[in-house]
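*Asks:* Quick mapping for you: the protein sequence lines, in order, are chains S and E.
If you want this note's numbering, it's the position in the first sequence, counting the first as 1, plus 428.
If you want this note's numbering, it's the position in the second sequence, counting the first as 1, plus 154.
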Amino acid sequence: MNRSLVSMCVLAMAWSVGAFAQAPPSADKTACYAFRQRAVVELKEVQQEIISLAEAMPAEKYTWRPAEGVRSVSEVYLHMAAANFGLTALAGAPPSPGFAFQGYEKSTTDKAQIIDRLTRSFEYAENGIGNLSDADLLKPLKFQQFTSVGDIVLHIVAHAHEHLGQSIAYARMNGVVPPWTAAQQQRRGQSSPAPRPPQN
Amino acid sequence: MRKLSIPFLALGLIAGGSAARRTDAQATPKVVDKTPPSYDMKPQSLEDLEDLQKKFTSLAEAIPADQYTWRPAPDVRSVAEILLHVAGTNLQFASALATVPAPFELPKGYERSTTEKAKIVAQLNQSFDFAHAAIEQMANIDFKKPMTQFGPDANAGDIVYLIVTHTHEHLGQAIAYARIKGVVPPWTVAAQAPQKKTSQN
Chain S
429 MNRSLVSMCV LAMAWSVGAF AQAPPSADKT ACYAFRQRAV VELKEVQQEI
479 ISLAEAMPAE KYTWRPAEGV RSVSEVYLHM AAANFGLTAL AGAPPSPGFA
529 FQGYEKSTTD KAQIIDRLTR SFEYAENGIG NLSDADLLKP LKFQQFTSVG
579 DIVLHIVAHA HEHLGQSIAY ARMNGVVPPW TAAQQQRRGQ SSPAPRPPQN
Chain E
155 MRKLSIPFLA LGLIAGGSAA RRTDAQATPK VVDKTPPSYD MKPQSLEDLE
205 DLQKKFTSLA EAIPADQYTW RPAPDVRSVA EILLHVAGTN LQFASALATV
255 PAPFELPKGY ERSTTEKAKI VAQLNQSFDF AHAAIEQMAN IDFKKPMTQF
305 GPDANAGDIV YLIVTHTHEH LGQAIAYARI KGVVPPWTVA AQAPQKKTSQ
355 N
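1) So, helix, strand or coil for residue 228 (chain E), using DSSP?
2) Can you give the beta carbon distance from residue 486 (chain S) to residue 334 (chain E), rounded, assuming they're within the 8 Å contact cut?
3) For a contact meaning CB atoms closer than 9 Å, what does residue 578 (chain S) contact in chain E?
4) Count the CB pairs spanning the stretch 212-225 of chain E and the stretch 585-599 of chain S that are closer than 8 Å, and state whether there are at least three.
5) For the structure I just gave you, are there three or more beta carbon pairs, one from the stretch 302-319 of chain E and one from the stretch 563-581 of chain S, closer than 8 Å?
6) What are the residues of the stretch 220-241 of chain E that lie near chain S, defined by any Cβ-Cβ distance shorter than 9 Å?
7) At the level of alpha carbons, what is the spacing between residue 536 (chain S) and residue 548 (chain S)?
8) Span of the alpha helix (DSSP H) holding residue 340 (chain E)?
9) Here's the rule: buried if 16 or more other CB atoms are within 10 angstroms of the residue's CB, otherwise exposed. What is residue 282 (chain E)?
10) Locate the alpha helix (DSSP H) running through residue 536 (chain S), then write down its first and last residues.
11) Could you give the DSSP three-state label for residue 257 (chain E): helix, strand or coil?
12) Can you list, in chain order, the residues of the stretch 273-305 of chain E whose Cβ is nearer than 7 Å to any Cβ on chain S?
13) Quick check: is the beta carbon of residue 327 (chain E) nearer than 8 Å to any beta carbon in chain S?
14) Judging by CA-CA distance, which residue of E:290, E:280, E:325 and E:201 is the nearest neighbour of residue 253 (chain E)?
15) I'd like to know whether the C-beta atoms of residue 473 (chain S) and residue 608 (chain S) end up nearer to each other than 8 Å.
16) Which value, in whole angstroms, describes the spacing of the CA atoms of residue 257 (chain E) and residue 266 (chain E)?
17) For residue 576 (chain S), list the residues DSSP reports as bridge partners.
18) Please identify the residue among S:497, S:464 and S:484 whose C-alpha is closest to the C-alpha of residue 611 (chain S).
19) Would a C-beta distance cut-off of 8 Å place residue 241 (chain E) and residue 603 (chain S) closer than the cut-off?
20) Does the beta carbon of residue 593 (chain S) sit closer than 8 Å to a beta carbon anywhere in chain E?
21) Whole angstroms is fine: what's the gap from residue 479 (chain S)'s alpha carbon to residue 198 (chain E)'s?
22) Let me make sure I understand the geometry here. Which of S:481, S:563, S:463 and S:507 has the alpha-carbon closest to that of residue 530 (chain S)?
23) Indicate the three-state DSSP secondary structure (helix, strand or coil) for residue 316 (chain E) in the structure shown.
24) Between which two residues does the alpha helix (DSSP H) containing residue 247 (chain E) stretch?
25) Can you tell me which of S:517, S:491 and S:498 puts its alpha carbon nearest to the alpha carbon of residue 569 (chain S)?
26) Is it buried or exposed for residue 499 (chain S), if we count other Cβ within 10 angstroms and need 16 for buried?
Structure below.
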């Protein structure tokens with residue numbers, strides 16, 4: 429292992445103590461991997477970031493889109509919410525009252541309403557996945573390329589991450605620095621004036 | 155981007171930095187489940203990575219070479235830097251699984267080591283092939299294998315999770331970069347061929 433990789437691993441350890449210490453141990457010691465628990469932890473992180481980003485985006489930018497035929501800021505947020513509601517119900521959670529997938533993405537451009545729906549959708553997905561049993565994950569299911577409830581759970585997490593990345597890019601294109609990056613830059617600026625490599 | 159990025163400080167691959175954000179994560183609801191060994195995430199992770207590789211490399215091919223240095227704002231990663239960031243992360247985390255040898259070593263400053271399109275696409279492909287091979291060598295039980303270098307409760311399954319979610323996050327970012335430069339993702343072009351669809355990524 430070269431010097432760079434050694435340094436990297438040292439930093440990885442320093443970073444990750446906080447990261448993985450929070451993953452709750454599986455209640456079931458016979459299970460191979462705490463898959464559901466990790467999914468919930470991941471979703472909570474995405475929730476925290478996307479909500480803070482949605483708050484940071486000015487309301488007048490909610491209808492901005494990078495090109496015709498591409499989702500706008502509000503449509504991306506509502507698409508995430510719709511996926512959380514729809515896919516978690518598909519995985520076996522009791523359907524969220526009042527949610528209808530059809531037309532959901534374009535149902536509003538109101539910032540406060542969208543943040544509220546996004547928040548509720550993440551809470552719904554986290555509770556829904558948290559309440560599944562390990563046995564539930566094995567239940568067969570046919571949706572697109574997915575064949576089990578476990579596949580859908582992984583997709584819910586991956587889908588949320590993908591649109592978080594898209595939303596960060598949208599924010600940057602509109603001059604909005606993600607709040608966690610701004611906070612990090614402020615901390616670094618206070619401690620060191622050294623130039624920094626690019627961020628997301 | 156996020157939680158994976160802090161380790162990359164040593165390589166100059168700084169990222170979104172959510173280490174601090176992790177600390178606010180709430181406790182997961184306790185579930186008492188005595189069911190015997192359950193869902194094996196390996197097949198779906200591999201399938202997902204295959205799909206991500208196809209999308210990432212086809213998108214990288216579709217973006218013109220002269221746009222590889224474009225970035226949405228100063229201090230934000232360029233197209234080339236995102237692609238190399240993904241390749242570097244795949245390599246670093248799949249290496250940690252220690253199942254197969256890495257195809258190449260990560261030099262210092264890897265993210266900015268080149269802006270040459272052909273080279274970047276090739277390295278991106280290699281990194282996905284490597285991550286796929288590394289996970290393929292794992293048995294279900296290996297996912298529980300402790301990886302304490304990443305934290306007291308970390309295990310190999312967490313690393314697989316991170317490889318998948320990190321790549322998804324940057325795919326979303328890369329798609330947005332492509333769109334603002336007028337590039338339609340090739341899979342969207344294919345999907346739209348028979349009929350006009352509603353708004354896409």
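In this text, a Cβ means the ideal position worked out from N, Cα and C, and glycines have one as well.
Just so you know, these numbers come straight off a predicted model, no measurement behind them.
*Replies:* Straight from the coordinates:
1) coil
2) About 18 Å separates the two Cβ atoms, so there is no contact after all.
3) 192, 193, 194, 195 and 198
4) no
5) no
6) 225, 226, 227, 228, 229, 230, 231, 232, 235, 236 and 239
7) 16 Å
8) 340-346
9) buried
10) Segment: none, residue 536 (chain S) is in no alpha helix (DSSP H) and carries neither H nor E.
11) coil
12) 294, 295, 297, 298, 303, 304 and 305
13) yes
14) E:290
15) no
16) 19 Å
17) S:568
18) S:484
19) no
20) yes
21) 28 Å
22) S:507
23) helix
24) 233-250
25) S:517
26) buried
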